[in-house]
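Peer 1:
Numbering (the working numbering), first residue to last: -16 to 274.
1) Just to confirm before moving on: does the CB-CB distance between residue 236 and residue 84 stay below 8 Å?
2) Distance, Cα to Cα, residue 259 vs residue 82?
3) Between the beta-carbon of residue 225 and the beta-carbon of residue 25, is there less than 8 Å?
4) Any idea what DSSP makes of residue 109, helix, strand or coil?
5) So, are the CB atoms of residue 130 and residue 227 less than 8 Å apart?
6) Leaving out five residues on either side along the sequence, give the residues of the same chain with a beta carbon under 7 Å from the beta carbon of residue 16.
7) Should the segment 198 to 212 be regarded as contacting the segment 129 to 149, the criterion being three or more beta carbon pairs within less than 8 Å?
8) Residue 275 by DSSP, collapsed to three states: which one?
9) Just confirm the distance between the C-beta atoms of residue 336 and residue 128, as a whole number of angstroms; I'd bet it's less than 8 Å.
10) By Cβ distance below 8 Å, which residues in the same chain neighbour residue 216 in space, the five residues on each side in sequence not counted?
11) Count the other C-beta atoms from every protein chain shown that fall within 10 angstroms of the C-beta of residue 166, then say buried if there are 16 or more, exposed otherwise.
12) Candidates 184, 90, 163 and 174: which alpha carbon is nearest residue 150's?
13) Would you please state the rounded distance, in angstroms, between the beta carbons of residue 195 and residue 231? I believe it to be under 8 Å.
14) Do you know offhand how far residue 183's Cα is from residue 108's?
15) Report the partner residues of residue 211 according to the DSSP bridge assignment.
16) Using alpha carbons as the reference points, say which of 92, 273, 263 and 271 lies closest to residue 37.
17) Fully enclosed by the segment 233 to 274, which alpha helix (DSSP H) runs are 4 residues long or longer?
18) Got a sec? Which residues, its chain only, sit under 7 Å from residue 90 by beta carbon, not counting five neighbours each side?
19) Among 239, 261, 199 and 243, whose alpha-carbon lies nearest the alpha-carbon of residue 271?
20) By DSSP's criteria, residue 27 is part of a beta bridge. Which residues make up the other side?
21) Which same chain residues end up closer than 6 Å to residue 39 when comparing Cβ atoms and leaving out the 5 residues on each side of it in sequence?
22) Comparing alpha-carbon positions, which option in 242, 33 and 169 lies nearest residue 179?
23) Please report the residue range of the alpha helix (DSSP H) in which residue 162 lies.
24) Find out if the Cβ-Cβ distance for the pair residue 48, residue 105 is shorter than 8 Å.
25) By a C-beta neighbour count over all protein chains shown, 10 Å radius and 16 as the cutoff for buried, is residue 55 buried or exposed?
26) Between the C-alpha atoms of residue 86 and residue 44, what's the straight-line distance to the nearest angstrom?
Quick look at the structure:
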């Protein structure tokens, strides 16, 4: 049987159309009725910190299988990081450089959707390429997925506003005259150390909120059309049932993103896909499969 090779523009236009159709369902995603068997709250299982070894082994296997494809998908992350740094240096936004960089962790669960989808399809035995990552757009729960993504974006914006307010309240409204002046103000003065302590404490609270809301919610919505409310409730229960493993998971994610940001965000090309695949396998470990 002959096959037709579609050009990239035609393929891309189809993806845009899928996205438009998805947005049409957004307003119904929070209240639409679901099939009773699908909408029933999933069962959360306890896991141990030792389970992370198998989770990351599977994640590394996924990364090895799709290395070229995920490089193509994830090269955008260091580019975004460099753009953020350029904006900060060019427009007197140095005080927001660290909050912007750390904000990767707040929107990361949404940004890694394509990686969850690749792991999910590989699990099903599908031959996967980077194009399969866009299968997310055809998910029955795409409206709920987008809505949950907007919630994370709102948390990120709130974090940025809070970080800006903290800087102004502690170090004053004047912008630093140079990078050297900024480093001196933050690391060599008592108010600067106060800013670091308070900023890290508040950032920790934002990170805990994001972890509770999203640790398994996006993979759950990819597999089951349960709605935003059930997805978030299940994610919160997953954290409540596994407080220590989830705390360790948060440390792993934060530390990996920090290391991946050096040098010049290049490490994110590897860190993001591995964490994305690992999130899918974490979901598999925590959530009981449907009967």
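Just so you know, even glycine gets a beta-carbon here, dropped at the ideal spot from N, CA and C.
Peer 2: Answer, in terms of the structure:
1) In the chain shown, residue 236 corresponds to position 253, counting from 1. In the chain shown, residue 84 corresponds to position 101, counting from 1. Going by C-beta atoms, residue 236 is not nearer than 8 Å to residue 84.
2) Here residue 259 refers to the residue found at position 276 when the chain shown is read from its first residue. Here residue 82 refers to the residue found at position 99 when the chain shown is read from its first residue. If you take the alpha carbons of residue 259 and residue 82, they lie about 22 Å apart.
3) Position 242 of the chain shown, counting from 1, holds the residue named residue 225. Position 42 of the chain shown, counting from 1, holds the residue named residue 25. For the pair residue 225 and residue 25, the CB atoms are not nearer than the 8 Å cut-off.
4) Stepping through the chain shown from its first residue, residue 109 is reached at position 126. Looking at residue 109 - three-state DSSP - the assignment turns out to be coil, as it is neither helix nor strand.
5) What you label residue 130 is simply residue 147 of the chain shown in a count that begins at 1. What you label residue 227 is simply residue 244 of the chain shown in a count that begins at 1. No. Outside cutoff.
6) If you number the chain shown from 1, residue 16 lands on position 33. For residue 16, the predicted structure reports a pLDDT of 45, less than 50, and the residue's modelled location is therefore unreliable. A value from the coordinates is still provided. Cβ within range, chain order: n/a, list empty.
7) Because the criterion of three Cβ pairs below 8 Å is met, the segment 198 to 212 and the segment 129 to 149 touch.
8) Nothing about residue 275 can be reported from this structure: the residues present for the chain run from -16 to 274 only.
9) Given a span of -16 to 274 for the chain in the structure shown, any question on residue 336 remains unanswerable.
10) Here residue 216 refers to the residue found at position 233 of the chain shown. Answer for residue 216: 24, listed in chain order.
11) Position 183 of the chain shown, counted from the first residue, corresponds to residue 166. Exposed, because fewer than 16 other Cβ atoms sit within 10 Å of the Cβ of residue 166.
12) Residue mapping note: residue 150 aligns to position 167 of the chain shown, counting from 1. Cα-wise, what sits closest to residue 150 is 174.
13) For the purposes of this step, residue 195 is taken as residue 212 along the chain shown, with counting starting at 1. For the purposes of this step, residue 231 is taken as residue 248 along the chain shown, with counting starting at 1. With 8 Å as the limit, residue 195 and residue 231 do not qualify as a contact, their Cβ atoms being about 15 Å apart.
14) As a first step, residue 183 is located in the chain shown; it is residue number 200 there, counting from the start. As a first step, residue 108 is located in the chain shown; it is residue number 125 there, counting from the start. The straight-line gap from Cα to Cα measures roughly 43 Å.
15) Stepping through the chain shown from its first residue, residue 211 is reached at position 228. As far as DSSP is concerned, residue 211 takes part in no beta bridge.
16) Here residue 37 refers to the residue found at position 54 when the chain shown is read from its first residue. Ranking 92, 273, 263 and 271 by Cα distance to residue 37 puts 263 first.
17) Counting only runs of 4 or more, we get 251 to 269.
18) Sequence index remark: in the chain shown, residue 90 carries index 107 (1-based). Cβ-Cβ distances below 7 Å link residue 90 to 135, 136 and 139 in the same chain, with the five nearest sequence neighbours on each side left out; the list follows chain order.
19) On the chain shown, position 288 is the one that residue 271 refers to. Residue 199 is the option with its Cα nearest to residue 271.
20) Residue numbering aside, residue 27 sits at position 44 when the chain shown is read from its first letter. In the DSSP assignment, the residues bridged to residue 27 are 270.
21) Here residue 39 corresponds to residue number 56 of the chain shown, with the count starting at 1. Only residues of its own chain outside the window of five on either side were considered, and among them 261 have a CB closer than 6 Å to the CB of residue 39, listed in chain order.
22) Taking the chain shown and counting its residues from 1, one reaches residue 179 at position 196. Of the listed residues, the one whose Cα sits closest to residue 179 is 169.
23) Along the chain shown, read from residue 1 onward, the residue named residue 162 stands at position 179. Per DSSP, residue 162 belongs to the alpha helix (DSSP H) from 162 to 170.
24) Counting from 1 along the chain shown, the entry for residue 48 is found at position 65. Counting from 1 along the chain shown, the entry for residue 105 is found at position 122. Taking a C-beta distance under 8 Å as the contact criterion, residue 48 and residue 105 qualify as a contact pair.
25) On the chain shown, position 72 is the one that residue 55 refers to. In this prediction, residue 55 has a pLDDT of 49, which is less than 50 and means its spatial position is unreliable; what the coordinates show is noted afterwards. With fewer than 16 other Cβ atoms within 10 Å, it is exposed.
26) For the purposes of this step, residue 86 is taken as the residue at position 103 of the chain shown. For the purposes of this step, residue 44 is taken as the residue at position 61 of the chain shown. Distance between the alpha carbons of residue 86 and residue 44 is about 28 Å.
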